[in-house]
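Under the working numbering, the first residue of the sequence shown carries the number 3, and numbering increases by one thereafter.
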Amino acid sequence: MKILDHQLLRTRLIFLYVFLFCLLLLGIAMYMENVMGLEPCPLCMTQRLFFAMAGLIALLAFIHNPAATGKKVYGFLCAAFSFGGAGFAIRQIYLQHLPEDQVPACGPSLSYMVDVFPLSEVLMAMLSGDGNCAEVVWQDPVIGMSIPEWSLLGFIMLGCLCVYQGLRRA
């Protein structure tokens, strides 16, 4: 019985780590926006949404403390949001590496679009990005990675951990 209790505790801790990691990444994004003054583009906001959803699922799994089947469902749901977010990070990295003449036109800020445009147009901008998403506004001074490249790394790490969680035996 002690081994089973230990495994459940370990399962809960992994979900807690996933939640805390997502919370940390969202906190860094808020810091970059509010303290450093970086304006997030539509694809950045979409990636934040996917981090938030993965974190919320992990938090629910931590609180729920599911049995084997539930652990798999939560793990794969969390992985789906992680890899979905990775797709949007890849899209932004692609836009950032386009030649200047192929970059889409810049659009208005997301806050303006939410206030003025219909929801369908706002969602299209969040899903496809625009010229604002192609601009590299910050790069790591040591490694030289941009924000979406760091996001992609975070999504891959989260996705792999969540898949591991879904494939583990209880």
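Heads up, the beta-carbon is just placed ideally off N, CA and C, and yes, glycines get one too.
For residue i, does the three-state DSSP call read helix, strand or coil?
i	result
residue 113	helix
residue 140	coil
Taking C-beta to C-beta, are residue i and residue j nearer than 8 Å?
i	j	result
residue 91	residue 157	yes
residue 105	residue 136	yes
residue 86	residue 53	no
residue 163	residue 56	no
residue 138	residue 98	yes
By the 10 Å Cβ neighbour count, where 16 or more other Cβ atoms means buried, how is residue i classified, buried or exposed?
i	result
residue 209	The structure shown does not extend to residue 209, since the chain is modelled only from 3 through 172, so no value can be given for it.
residue 148	buried
residue 89	exposed
residue 101	exposed
residue 65	exposed
residue 37	exposed
residue 121	exposed
Using only the alpha-carbon positions, how far apart do residue i and residue j sit?
i	j	result
residue 60	residue 29	17 Å
residue 80	residue 12	17 Å
residue 3	residue 110	In this prediction, residue 3 has a pLDDT of 46, which is less than 50 and means its spatial position is unreliable; what the coordinates show is noted afterwards. The alpha-carbon atoms of residue 3 and residue 110 are separated by roughly 59 Å.
residue 119	residue 144	40 Å
Between residue i and chain D, is there a C-beta pair that is closer than 8 Å?
i	result
residue 22	Any reference to chain D falls outside this structure, which holds one protein chain only.
Flag residue i as yes when its Cβ comes closer than 7 Å to any non-hydrogen atom of the ligand ADP, and as no otherwise.
i	result
residue 26	For the ligand ADP, the structure offers nothing, since it holds no ligand at all.
| said: Which runs of the alpha helix (DSSP H) at least 4 residues long sit entirely within the stretch 56-99? Give them in chain order. | reply: 70-98
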